[in-house]
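Undergrad: Have a look at this one.
Protein chains: 2
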Amino acid sequence: MKKLSSLYDRSRIPLYIQVASVMRQRIETGHWLEGDKISTLEELEAEFGVARVTIRQAIELLRDEGLVNAQQGRGTFVSGKPKHNRWLNLANDFETMVSLVKDNVLERVHIEENVVLPELDENEGTAAAEYTFLRSVQHNDGEPFSVVNLHLPQDLFARDRQRFTHGAALPIIVDMKEVKIVHAYQTLTIGVADPETAELLKIGLGEPTADCRLVLVDDRGIAIYVANIHYHKDCFALRVDLLNQKPAGKAARGLETA
Amino acid sequence: MKKLSSLYDRSRIPLYIQVASVMRQRIETGHWLEGDKISTLEELEAEFGVARVTIRQAIELLRDEGLVNAQQGRGTFVSGKPKHNRWLNLANDFETMVSLVKDNVLERVHIEENVVLPELDENEGTAAAEYTFLRSVQHNDGEPFSVVNLHLPQDLFARDRQRFTHGAALPIIVDMKEVKIVHAYQTLTIGVADPETAELLKIGLGEPTADCRLVLVDDRGIAIYVANIHYHKDCFALRVDLLNQKPAGKAARGLETA
DNA sequence: CTCAATTTGTTCGTATGTATG
DNA sequence: ACATACATACGAACAAATTGA
Numbered sequence: 005m006k007k008l009s010s011l012y013d014r015s016r017i018p019l020y021i022q023v024a025s026v027m028r029q030r031i032e033t034g035h036w037l038e039g040d041k042i043s044t045l046e047e048l049e050a051e052f053g054v055a056r057v058t059i060r061q062a063i064e065l066l067r068d069e070g071l072v073n074a075q076q077g078r079g080t081f082v083s084g085k086p087k088h089n090r091w092l093n094l095a096n097d098f099e100t101m102v103s104l105v106k107d108n109v110l111e112r113v114h115i116e117e118n119v120v121l122p123e124l125d126e127n128e129g130t131a132a133a134e135y136t137f138l139r140s141v142q143h144n145d146g147e148p149f150s151v152v153n154l155h156l157p158q159d160l161f162a163r164d165r166q167r168f169t170h171g172a173a174l175p176i177i178v179d180m181k182e183v184k185i186v187h188a189y190q191t192l193t194i195g196v197a198d199p200e201t202a203e204l205l206k207i208g209l210g211e212p213t214a215d216c217r218l219v220l221v222d223d224r225g226i227a228i229y230v231a232n233i234h235y236h237k238d239c240f241a242l243r244v245d246l247l248n249q250k251p252a253g254k255a256a257r258g259l260e261t262a
Numbered sequence: 005m006k007k008l009s010s011l012y013d014r015s016r017i018p019l020y021i022q023v024a025s026v027m028r029q030r031i032e033t034g035h036w037l038e039g040d041k042i043s044t045l046e047e048l049e050a051e052f053g054v055a056r057v058t059i060r061q062a063i064e065l066l067r068d069e070g071l072v073n074a075q076q077g078r079g080t081f082v083s084g085k086p087k088h089n090r091w092l093n094l095a096n097d098f099e100t101m102v103s104l105v106k107d108n109v110l111e112r113v114h115i116e117e118n119v120v121l122p123e124l125d126e127n128e129g130t131a132a133a134e135y136t137f138l139r140s141v142q143h144n145d146g147e148p149f150s151v152v153n154l155h156l157p158q159d160l161f162a163r164d165r166q167r168f169t170h171g172a173a174l175p176i177i178v179d180m181k182e183v184k185i186v187h188a189y190q191t192l193t194i195g196v197a198d199p200e201t202a203e204l205l206k207i208g209l210g211e212p213t214a215d216c217r218l219v220l221v222d223d224r225g226i227a228i229y230v231a232n233i234h235y236h237k238d239c240f241a242l243r244v245d246l247l248n249q250k251p252a253g254k255a256a257r258g259l260e261t262a
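Quick mapping for you: the protein sequence lines, in order, are chains A and B.
Just so you know, the first sequence maps onto residues 5 to 262 in this note's numbering.
Just so you know, the second sequence maps onto residues 5 to 262 in this note's numbering.
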């Protein structure tokens, strides 16, 4: 019985997958440039401290993804970057956010009326009696990139059932002049995909997601919009110029060129 | 030959780990409350579409972490929340960021002078000829929570070798009155841990991290500070009130109370 | 107290995946 | 490519503890 490497001990995820993840990132970040010959199996073996076959398994994964091209007797070459669809979906100020959301195409996958709000943090105002739960998926190029789980107060939802059912809720609420939004708390964390989210985003159970919680509180201190948004990790990037307070570079929304 | 579940096909990470991740998140988010009896093995079996033994393996993981307590004949109960060390380390404006960084305790683990800058995005200004590379680890309560990989122009570094070697670079640069910072581009993404980062953060290879890239550009258009910061995913949370533009709730830095 | 239903715990057999040398 | 050891996952059956009728 051989003991496994200490790195493996730490995560229990198959070693060759761990190794492949690292190699993939090296290609993505340009640490290994396209066309380059990467280290030999022996060097990689030494660097990662794993068996030769394990390195080969990792390389095989990357080859299936079209990232590398191994040639017997010559070496292994980087043949392409992973396609990354990174948008900026999060804004740093409320107005930008609303204007971004307005253009979103979304698919409602679930609506449930008269439910109670699962939980509210101390700083997030007080809950209304009843909420409507809406779940939708947002696509780009036919690929799902985010799942929105939204709770709206039942009476607010009832006020414009038609529009809420078919479009983004945020602009609708902003349009209601009798509603005064005094806080828009946004919390960004890293989470993992539950079965529904995994299914909708077409990723594996437990894979990491960028989780954004957005809670709007009105002038009565009531949480009138409670959203938990799960972004596909590869479709997520938040850019900002800290000195100018506007989204940095390029268009505020749209495909990356890089 | 049995074909594995489609969820498993998607990520190739051991199923019981995937299942455990989801359960752990349910406890953390309060979807399963402390003291509650969670669904029976049979229900979980059905929900996740996996074998009974696989569910048990997942529960065993959580039990080792002290999150659940299974009792024969009765059921499985939530016995505690995962301890979460979430800070807010990212700021939404430059001044706050500088003041936060000032208090950071960091451990320099590597310094290398006269290197070239690996890569610069189009919007991030132009590179100087030579840089100094500094790597440091930041701790809290003895636990590492972030790794900073920083490139400083060689001449800038040489100007105050002493301080740059031992303390946070950002406040030093801000103090230099001959340096005019005109842009502070911050990009936040989700990445995976490479071997060095995994080692320093004490996490598994390929585990997700919150990656923050911060590039300062001076009035000559030169990138005078290029940092790639990897945060432990559990130590990372970015909170902001989009309407007030100040960090939301509580102290801007410090342990969460929630 | 006994019985039955419920629920977790254990074991076997089989097949495939992972990792080493 | 092969031999070996161990891990992962399934399905099924059975054992043991708890609860309430």
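C-beta: ideal position from N, C-alpha, C; glycine also.
1) Please tell me whether B:Arg-167 and B:Ile-176 are closer than 8 Å, where the distance is taken between their beta carbons.
2) Whose Cβ in chain A lies nearer than 7 Å to the Cβ of B:Val-244?
3) Tell me whether A:Gln-76 sits in a helix, a strand or coil according to DSSP, three-state version.
4) Any idea if A:Pro-157 is buried or exposed, counting beta-carbon neighbours within 10 angstroms, 16 or more meaning buried?
5) On the three-state DSSP scale, how would you describe B:Thr-63?
6) When the Cβ atoms of the stretch 226 to 246 of chain A are set against those of the stretch 200 to 212 of chain A, are three or more pairs found closer than 8 Å?
7) Spell out the partners DSSP gives A:Ile-233 in its beta bridges.
8) Is B:Ala-256 close to chain A, meaning its C-beta is less than 8 Å from at least one C-beta of that chain?
9) Quick test of your reading: A:Ala-173 and A:Tyr-229, contact by CB under 8 Å. State the CB separation rounded to the nearest angstrom.
10) Determine the DSSP secondary structure at B:Arg-30, reduced to helix, strand or coil.
11) Is any beta-carbon of chain A found at less than 8 Å from that of B:Arg-16?
12) What residue range is occupied by the uninterrupted alpha helix (DSSP H) comprising A:Phe-168?
13) Suppose contacts are defined by Cβ-Cβ distances below 8 Å. Is B:Glu-111 in contact with B:Ser-140 by that definition?
14) Tell me the residue span of the alpha helix (DSSP H) that contains A:Asp-125.
15) Quick one: give me the first and last residue of the beta strand (DSSP E) that B:Val-141 is part of.
16) Give me, in chain order, the residues of the same chain whose beta-carbon lies closer than 6 Å to that of B:Gly-70; leave out the 5 immediate sequence neighbours on both sides.
17) Evaluate A:Thr-261 with the Cβ neighbour count: other Cβ atoms within 10 Å of its Cβ, from every protein chain shown; 16 or more gives buried, anything less gives exposed.
18) Since B:Ala-241 contacts A:Thr-201 with CB under 8 Å, what's their CB separation in whole angstroms?
19) Please name the residue, chosen from A:Arg-217, A:Ile-226, A:Leu-104, A:Val-221, that lies closest to B:Thr-33 on a Cα-to-Cα basis.
20) Compute the distance between the beta-carbons of A:Asp-96 and B:Asn-96, then report whether it is under 8 Å.
21) Relative to the alpha-carbon of A:Pro-122, which residue among B:Leu-37, B:Ile-21, B:Ser-15, B:Leu-19 has its alpha-carbon at the smallest distance?
22) CB-CB under 6 Å to A:Phe-137, same chain, minus the five flanking residues each way: which ones, in chain order?
23) Between A:Leu-124 and A:Ala-133, which are expected to be in contact by the criterion C-beta below 8 Å, what is the C-beta distance as a whole number of angstroms?
24) On the DSSP letters alone, give me the boundaries of the beta strand (DSSP E) that B:Ile-194 sits inside.
25) Can you grab the Cα-Cα spacing for the pair A:His-35 / B:Gln-75, in whole Å?
26) Rounded to a whole number of angstroms, what is the C-alpha to C-alpha distance between B:Arg-30 and B:Arg-224?
27) Measure the C-alpha to C-alpha separation of A:Ile-59 and A:Ile-21 and round it to an integer number of angstroms.
28) Are A:Val-102 and A:Val-178 close, meaning C-beta to C-beta below 8 Å?
29) Measure the C-alpha to C-alpha separation of B:Val-152 and B:Glu-47 and round it to an integer number of angstroms.
30) Just to confirm the assignment, what range does the alpha helix (DSSP H) spanning A:Val-105 have?
31) Measuring only the C-alpha atoms, how far is A:Gln-187 from A:Ile-233?
32) How would you list, in chain order, the residues of chain A whose beta-carbon sits under 9 Å from the beta-carbon of B:Asn-96?
33) Which value, in whole angstroms, describes the spacing of the CA atoms of A:Glu-182 and A:Ser-25?
34) Between A:Glu-49 and the ligand SAM, is there a pair consisting of the residue's CB and a ligand heavy atom that are separated by less than 7 Å?
35) For A:Asp-245, name the three-state secondary structure that DSSP assigns.
36) If you measure from the beta carbon of A:Ile-21 to each beta carbon in chain B, is any gap under 8 Å?
TA: The answer reads as follows:
1) Yes, Cβ-Cβ distance for B:Arg-167 and B:Ile-176 is below 8 Å.
2) The contacting residues are Gln-190.
3) Coil at A:Gln-76, not helix or strand.
4) So A:Pro-157 counts as buried.
5) Before going further, note that residue 63 of chain B is Ile rather than Thr in the sequence given. Three-state DSSP puts B:Ile-63 in a helix.
6) Contact between the stretch 226 to 246 of chain A and the stretch 200 to 212 of chain A is present, because at least three Cβ pairs lie under 8 Å.
7) DSSP, once it has assigned bridges, lists A:Val-152, A:Cys-216 as partnering A:Ile-233.
8) At B:Ala-256 the pLDDT is 36, less than 50, meaning the model places this residue with poor confidence; the figure from the coordinates comes in the next sentence. No, B:Ala-256 lies away from the interface with chain A (no Cβ there is under 8 Å from its Cβ).
9) The pair is a contact, with the Cβ atoms about 7 Å apart (cut-off 8 Å).
10) B:Arg-30 sits in a helix when the DSSP states are folded into three classes.
11) Yes, B:Arg-16 lies at the interface with chain A (some Cβ there is under 8 Å from its Cβ).
12) 165 to 170 is the span of the alpha helix (DSSP H), which, as asked, contains A:Phe-168.
13) Using a Cβ distance threshold of 8 Å, B:Glu-111 and B:Ser-140 count as a contacting pair.
14) Annotation: A:Asp-125 is outside any alpha helix (DSSP H) and is labelled neither H nor E by DSSP.
15) Counting along the chain, the beta strand (DSSP E) containing B:Val-141 begins and ends at 135 to 144.
16) Cβ within range, chain order: Gly-84.
17) Residue placement at A:Thr-261 is poorly supported in this model, since its pLDDT is 32, which falls under 50; the coordinates still yield a value, given next. It counts as exposed.
18) The Cβ separation is near 19 Å, so there is no contact.
19) Comparing Cα positions, the closest option is A:Arg-217.
20) Note on identity: in this sequence residue 96 of chain A is Asn, with Asp being the wrong assignment. Yes, the pair counts as a contact, with Cβ atoms nearer than the cut-off.
21) Of B:Leu-37, B:Ile-21, B:Ser-15, B:Leu-19, the residue nearest in Cα terms is B:Leu-37.
22) Same-chain partners within the cutoff: Glu-116, Val-119, His-155.
23) Taking C-beta atoms under 8 Å as the contact rule, A:Leu-124 and A:Ala-133 fail to qualify, at a distance of about 13 Å.
24) Note, B:Ile-194: beta strand (DSSP E), 185 to 196.
25) Rounded to whole angstroms, A:His-35 to B:Gln-75 spans 51 Å at the Cα level.
26) In a straight line, the C-alpha of B:Arg-30 is about 50 Å away from that of B:Arg-224.
27) Each residue's Cα considered, the two are about 10 Å apart.
28) For A:Val-102 and A:Val-178, yes; Cβs fall inside 8 Å.
29) Inter-residue distance for B:Val-152 and B:Glu-47 is about 44 Å (C-alpha atoms, whole angstroms).
30) Here the alpha helix (DSSP H) through A:Val-105 covers 98 to 106.
31) As written in the sequence, residue 187 of chain A is His, which differs from the Gln given in the question. Straight-line Cα distance between these residues: approximately 18 Å.
32) Those are Asn-96, Val-244, Leu-246, Gln-249, listed as they occur along chain A.
33) Note on geometry: alpha-carbon atoms of A:Glu-182 and A:Ser-25 lie some 51 Å from one another.
34) For the ligand SAM, the structure offers nothing, since it holds no ligand at all.
35) The answer is strand: DSSP assigns A:Asp-245 an E or B state.
36) Taking 8 Å as the threshold, the shortest C-beta distance from A:Ile-21 to chain B falls below it.
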